[in-house]
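When you number the sequence shown by numbering that gives the first Met the number 0, it's gap-free, plus one each residue, and the end is 140.
Where a beta carbon is used, it is the ideal one built from N, C-alpha and C, also for glycine.
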Amino acid sequence: MLSGFFVLLMVASAYFSGSETGMMRLNRYRLKHLKRTGHTGASRVSKLLETPDRILGVILIGNNFVNFLAASIATSITILILGEPAPLVTAVVLTLVVLIFAEATPKTIAALYPEKVAYPSSLLLNVLLKLLYPVVWIVNF
0 MLSGFFVLLM
10 VASAYFSGSE
20 TGMMRLNRYR
30 LKHLKRTGHT
40 GASRVSKLLE
50 TPDRILGVIL
60 IGNNFVNFLA
70 ASIATSITIL
80 ILGEPAPLVT
90 AVVLTLVVLI
100 FAEATPKTIA
110 ALYPEKVAYP
120 SSLLLNVLLK
130 LLYPVVWIVN
140 F
């Protein structure tokens, strides 16, 4: 159960990391063109990018939250496996897992295919921005 939750958190972290890169790497001229032609995803992303501080705020809040939870879960898993806390082992393994699977890989994919990442990810980011707006406002204040 803990392992499944950990994997889910890594997927969420990858989502936030990839979304950030995808949003920022979009070709703005193509985005405007697609928006003018009625592309729903382009219209949604364009609206989100009107206030980049807000969209980056929600991405960073989400990513930090899931990474914090992942660290807690990883510590619990380590205790279950080794029978005692092993902070160094947990830190090394978690750093490698997060770096490879939740940061470098999703950012690379998003940099190569920003439209394929940004448009679909904007659906959830839009909802999260509405839900977390008070927190985003405080963070960006």
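Given a cut-off of 8 Å, decide if A85 and T94 are closer than it, judged by their beta-carbon atoms. No, they are not a contact pair.
At least 3 beta-carbon pairs within less than 8 Å: the segment 112 to 127 vs the segment 19 to 28: The segment 112 to 127, when compared against the segment 19 to 28, does touch it at the 8 Å Cβ threshold.
Where Y132 falls: helix, strand or coil (DSSP): Note: Y132 maps to helix in three-state DSSP.
Can you give me the C-alpha to C-alpha distance between L122 and G40, rounded to a whole angstrom? Just so you know, the alpha carbons of L122 and G40 end up roughly 8 Å apart.
Determine the direct distance from the alpha carbon of E19 to that of V10, and round the result to whole angstroms. Straight-line spacing of the CA atoms in V10 and E19 works out to 14 Å.
Determine, using beta carbons only, whether F15 and I58 come nearer to each other than 8 Å. In contact: F15 and I58 (Cβ atoms closer than 8 Å).
State the start and end residues of the unbroken alpha helix (DSSP H) segment that holds N62. Residues 51 to 81.
DSSP three-state label for M9, please. The answer is helix: DSSP assigns M9 an H, G or I state.
Please work out which residues of its chain come closer than 7 Å, Cβ to Cβ, to L30, disregarding the five sequence neighbours upstream and downstream, and give them in chain order. A41, V44, S45, listed in sequence order.
Quick one: measure Cβ to Cβ for A69 and S12, integer angstroms, because I've assumed they're closer than 8 Å. Beta-carbon to beta-carbon, A69 and S12 are separated by about 7 Å, close enough to satisfy the 8 Å threshold.
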